[in-house]
Ligand code: GAP
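Residue numbers (my numbering): 16 to 528.
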């Protein structure tokens, strides 16, 4: 059933709360802005996504190992990495609405609106294709060119302003583009200021300046500072990778769009250490490999696109995002960055320790270059939910809400229903659950009619439901129903373990990589 994108997104958010996926943090105290808790099903789905990423990175690559570094790190690490001085967002306030915005986001959204105009022109032309004459062609072309020129001019000015750290020019672009505050509708803007995104706290009993430590804004630095430990103890040969998943914290200026932009979130990052000069080849390799990984989830190839960065971060010589078509448009899901030898060199300089690699083939030592893949687990979660959430019209005027999650990732793999709560059916159902639960997350559900139980499991995203009926007592068979097709097959109870293994195994996903 089609619905407006904003309604669709609202429905996903309320579905998450109603079915135990995601709750606002500290809800009984009216919540905490941009912080969320994962409920009983959300925690399972998140764990499965993390596990799929870990298996495909670590288990499937002989030259990638995983670590788990601490959130608290020596404060000098953040000085060395550049985060203390440069991990800033340019912010701007509207004096009338008193709302705060990221100046770069205001400009990017303005450019996206012009891009929309181009798309509309092209769509209009395609619709009138049959009787499209020379004059129409010329005027469409002229309008598209005019819009494209505008976009190019803004992007160029913006890129130059950011590279020069010229905040007055960033404000001037906002003024010249006549960007208005979406709330007050006014153009009454303050100057643009830089705002550091790191949270700080103090360690130990004394809250003196020297005790200030930061909550890590990325997990990557925990990998860099352990590079030599892992390389030596694991006898790793270049190229090799170190992977890690864990919490990261950013004091986002504009934290909104549910779990898309949070102040506490989880990253899954991998740093790939390579020989200097080969980094672009590995950058291209990981760009392709990571898109393939996302496609293996089966959410639709049209839902992804690459976006090359206009402004490179202080550590990168090439960078792009894999964007996903969220309900609010295409947005960053994962970043692929060629980080050069910036981080390791900085840590060498600030720590006074050598962080080099002796290359036996070259017979020399060097600081490796690094290609990084960095995906937000919460954004990945949102991508899976928004592609899988459907409200379907059924025959007979009924409707159902279904979460079509990839079966291997679903929180509950299978629900077992005794048709009625008597005649020995619950006992047989329990026996089936007891058998299957060693390998899979399987539950028993005996409340309400079977129809209602199917709806409940559809909404949770359970891919298979097994019904135990009176025939089961006679011939030891049950029905197994597929969530997406709603088709039911009768199968032998003794075959259930094998059938389920095949349908929900990680292998089906991993084999596509
Ligand atoms: N180590 C590189 C790095 O941190 P990034 O592009 O700033 O790069 C990587 O972040 C990924 O982390 C993003 O692609 C996004 O998926 C996720 N992410 C970043 N900020 C986030 C936030 N505030 N809330 C949720 N996810 C976030």
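Glycine is no exception: its CB is placed at the ideal position from the N, C-alpha and C atoms.
Assign residue i to one of two classes, buried (16 or more other C-beta atoms within 10 Å of its C-beta) or exposed (fewer than that).
i	result
residue 362	buried
residue 49	buried
residue 485	exposed
residue 44	exposed
residue 289	buried
residue 109	buried
residue 435	exposed
residue 24	buried
residue 387	buried
residue 277	buried
residue 2	The structure shown does not extend to residue 2, since the chain spans only 16 to 528, so no value can be given for it.
residue 487	buried
residue 316	exposed
residue 409	exposed
Looking only at its own chain, which residues have a Cβ that is under 8 Å from the Cβ of residue i, when we skip the five neighbours before and after it?
i	result
residue 491	507, 508 and 509
residue 478	420, 422, 425, 428, 429, 497, 498, 499, 518 and 519
residue 195	201 and 202
residue 374	253, 290, 380 and 381
residue 82	237, 238, 241, 245, 257, 258 and 259
residue 440	433, 434, 483, 484, 485, 487 and 488
Quick check on residue i: does DSSP put it in helix, strand or coil?
i	result
residue 34	coil
residue 348	strand
residue 322	strand
residue 501	coil
residue 456	coil
residue 390	strand
residue 78	coil
residue 106	strand
residue 128	helix
residue 230	strand
residue 214	coil
residue 257	strand
residue 279	strand
residue 196	coil
residue 286	strand
residue 119	helix
residue 10	This structure does not reach residue 10, given that the chain is present from 16 up to 528, and the question cannot be answered.
residue 152	helix
residue 517	helix
residue 169	helix
residue 47	coil
residue 431	strand
residue 175	helix
residue 53	strand
residue 477	coil
residue 492	strand
residue 185	helix
residue 39	strand
residue 209	strand
residue 380	strand
residue 469	helix
residue 201	coil
Can you list, in chain order, the residues of its chain whose CB lies under 6 Å from that of residue i, leaving out five sequence neighbours each side?
i	result
residue 323	335
residue 118	105, 107, 185 and 207
residue 460	430, 432 and 468
residue 256	79, 285 and 287
residue 476	418, 420 and 425
residue 93	99 and 229
residue 233	263
residue 52	38 and 40
Skipping 5 residues on each side, what residues in its chain have a beta carbon closer than 7 Å to that of residue i?
i	result
residue 188	122, 169, 172, 173 and 176
Return the residue from the list the options that minimises the CA-CA distance to residue i.
i	options	result
residue 413	438, 466, 420 and 372	466
residue 445	474, 481, 463 and 353	481
residue 134	162, 93 and 192	162
residue 138	449, 125 and 152	152
residue 32	333, 120, 273 and 73	273
residue 18	72, 524 and 343	343
residue 136	158, 126 and 149	158
residue 455	521, 494 and 410	521
residue 116	126, 101, 514 and 267	267
residue 281	392, 366 and 505	392
residue 212	314, 148, 513 and 97	97
residue 472	449, 501 and 451	501
residue 269	111, 210, 504 and 218	210
If you measure from the CB of residue i, is any heavy atom of the ligand FMN nearer than 8 Å?
i	result
residue 100	No copy of the ligand FMN appears in this structure; the ligands present are the ligand GAP.
Inset, instruction - Kindly confirm or deny that the stretch 300–314 and the stretch 345–359 touch, where touching means at least three C-beta pairs closer than 8 Å. - result: With the cut-off at 8 Å, the stretch 300–314 and the stretch 345–359 touch.
Legend entry - Cβ contact (3+ pairs, closer than 8 Å) linking the stretch 288–298 and the stretch 422–429: no
Legend entry - Cβ pair count under 8 Å reaching 3, the stretch 129–149 against the stretch 393–404: Short answer: they don't touch.
Inset, instruction - Would you check if the stretch 242–253 and the stretch 190–206 touch, i.e. whether three or more CB-CB distances between them fall below 8 Å? - result: no
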